[in-house]
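Colleague: Sharing a structure with you now.
In the numbering used here, the protein residues as written are -15 to 258.
Structure below.
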């Protein structure tokens, strides 16, 4: 598939991890969506031994064809056929609890075996944003920073550690984070998943199949609207977030454009009403 600069083909590994890095499962659901929508096959695993605290990432009991079995947390790698000769690889797992450096080395050995050029990590986080506006999406890469992804200081999760390890081993790297409204709780956020899938498609140069994500995103927004209607304090909070977003958009838009002029008028009306 085409690289970001369009000059050569790249093989991409996209990775997402359940847990602290995955608010509302927006990131891991992006990988699950691709696995479900395209012809995919499992190409490898990293076993759970030595990487997980089972009181945190607990094994699950399930019944398959009438047989009871224990399913342990593990990492799964997929090859995903996007059609027209395009493919990408995907890694999905619970965030490991131990031995992150060793885990990343093992992950990157599999990436090397697949002749991967670029490692793309996905994440999602709770933030002061609203369901009525586009969700903030931060993208940082070796040669480009979009949003605030390149200026964060603070605790990090396994996506950041994997990206750093990949960069040190000579892989190109990209990190994508979507913010989701914290006031809507931990239910799945299809809008966040949709925005990650769309951005990933732009990065790899393939218009990825959205499937039923737009419908699910509309349902998610409708649930948010219902919740706001039932809570006056929440409605005030959301309105403040909307005003903050619109003011920032107005300051960022070219003033001589129709959209910029409209945003400026709305901002002025808002300020006069304070």
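Think of the CB as a built atom: it goes at the ideal place given N, C-alpha and C, for glycine as much as any other residue.
Taking residue 208 as part of the alpha helix (DSSP H), name the residues at either end of that continuous run.
Modeller: 197 to 213 is the extent of the alpha helix (DSSP H) around residue 208.
Colleague: Should residue 36 go down as buried or exposed, given a rule of 16 or more other Cβ atoms within 10 Å for buried?
Modeller: Per the 10 Å Cβ criterion, buried.
Colleague: Out of 11, -4, 7, 222, which one is the CA nearest neighbour of residue 117?
Modeller: Taking only the C-alpha atoms, the option nearest residue 117 is 222.
Colleague: What did DSSP end up calling residue 46 once you bin it into helix, strand or coil?
Modeller: Here residue 46 sits in strand by DSSP.
Colleague: For residue 171 and residue 47, what's the separation of their Cα atoms in angstroms?
Modeller: Computed Cα separation, rounded: 25 Å.
Colleague: Quick check: the segment 145 to 163 against the segment 83 to 90, are there 3 or more CB pairs under 8 Å?
Modeller: Yes, since at least three Cβ pairs between the segment 145 to 163 and the segment 83 to 90 fall closer than 8 Å, the two stretches touch.
Colleague: Between the alpha carbons of residue 82 and residue 230, how many angstroms are there, rounded?
Modeller: Their Cα atoms are separated by approximately 43 Å.
Colleague: Does the segment 197 to 206 come close enough to the segment 28 to 45 that 3 or more CB-CB pairs lie under 8 Å?
Modeller: At 8 Å Cβ cutoff, the stretches do not touch.
Colleague: Nearest-angstrom Cα distance between residue 111 and residue 165?
Modeller: Answer to the nearest angstrom: the Cα atoms are 6 Å apart.
Colleague: Got a sec? Which residues, its chain only, sit under 7 Å from residue 133 by beta carbon, not counting five neighbours each side?
Modeller: Note that residue 133 scores a pLDDT of 47, beneath 50, so its modelled location is shaky and nothing firm can be said.
Colleague: Where does residue 139 land, buried or exposed, given buried means 16+ other C-beta within 10 angstroms?
Modeller: That one is exposed.
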